[in-house]
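Participant: In full-length UniProt numbering, the protein residues as written are 1 to 166.
A virtual CB, placed ideally from N, CA and C, is assigned to each residue, including glycine.
All values derive from a computational prediction rather than experimental measurement.
Can you read through this structure? Questions will come right after.
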């Protein structure tokens with residue numbers, strides 16, 4: 001069972017189209033969430049997909065990069081790394097389900113952004129010059145919050161994130 005990507009996955013992406021970030025779908029995708037996925041060039045899923053059917057449904061919309069969550073079991077999930085390292089247009093991003101799994105990781109030394117899930121609570125903040133985002137849960141938010149997603153924009157001006165409430 002891989003824990004971390006051996007080498008970063010490097011992709012050139014279109015700066016005019018967003019990358020959509022979601023997490024904690026737990027086997028469910030609502031129609032409003034699916035509508036927000038249409039037209040994106042890449043989907044980052046921060047874990048707890050729960051079923052291979054959801055992963056297939058997402059892959060039919062756009063390429064998907066996923067980090068394994070604590071609820072991702074079985075043969076379909078065993079080869080998914082728990083920590084992913086991506087470089088999108090020279091922007092270094094670490095994708096993980098539970099951010100505490102990064103404690104002491106050398107990946108933190110040079111990353112521009114950390115994308116995580118697990119808490120079901122959305123966050124966009126900057127910590128020590130690193131963008132830290134949690135899209136919350138696309139399906140089962142906590143504390144009366146709405147389902148949520150994040151759009152990432154990576155262009156010549158840098159990296160920015162915006163919360164999306166479907």
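Measuring alpha carbon to alpha carbon, tell me which of 64, 86, 61 and 51 ends up nearest residue 71.
Facilitator: Locating residue 71 in the chain shown gives position 71, where the first residue counts as 1. The candidate whose alpha carbon is nearest that of residue 71 is 51.
Participant: Who does residue 126 pair with in a DSSP beta bridge?
Facilitator: One-based indexing of the chain shown puts residue 126 at position 126. The partner list for residue 126 (beta bridge, DSSP) reads 131.
Participant: Under DSSP, the beta strand (DSSP E) around residue 162 begins and ends at which residues?
Facilitator: As a working note, residue 162 is residue 162 in the chain shown. 158-164 is the extent of the beta strand (DSSP E) around residue 162.
Participant: Based on the DSSP secondary-structure assignment, which residues constitute the bridge partners of residue 155?
Facilitator: Within the chain shown, numbered from 1, the residue matching residue 155 stands at position 155. Its beta-bridge partners are 158.
Participant: DSSP beta-bridge partners for residue 92?
Facilitator: Position 92 of the chain shown, counting from 1, holds the residue named residue 92. According to DSSP, residue 92 bridges with 87.
Participant: Going by C-alpha distance, which of 115, 26, 22 and 46 is nearest residue 37?
Facilitator: What you label residue 37 is simply residue 37 of the chain shown in a count that begins at 1. The shortest Cα separation from residue 37 among 115, 26, 22 and 46 belongs to 22.
Participant: Taking the straight line between their C-alpha atoms, what separation do you get for residue 156 and residue 89?
Facilitator: Walking along the chain shown from the start, residue 156 turns up at place 156. Walking along the chain shown from the start, residue 89 turns up at place 89. About 9 Å.
Participant: Could you round the C-beta distance between residue 147 and residue 134 to whole angstroms and report it? I think they count as a contact, below 8 Å.
Facilitator: Numbered from 1 along the chain shown, position 147 holds the residue referred to as residue 147. Numbered from 1 along the chain shown, position 134 holds the residue referred to as residue 134. At roughly 13 Å, the Cβ-Cβ gap does not stay under 8 Å, so residue 147 and residue 134 are not in contact.
Participant: Determine contact between the stretch 27-37 and the stretch 109-117, defined as no fewer than three beta-carbon pairs at a distance below 8 Å.
Facilitator: The stretch 27-37 is not in contact with the stretch 109-117.
Participant: Which word fits residue 86, buried or exposed, when buried means at least 16 other C-beta atoms lie within 10 angstroms of its C-beta?
Facilitator: Locating residue 86 in the chain shown gives position 86, counting from the first residue. So residue 86 ends up on the buried side.
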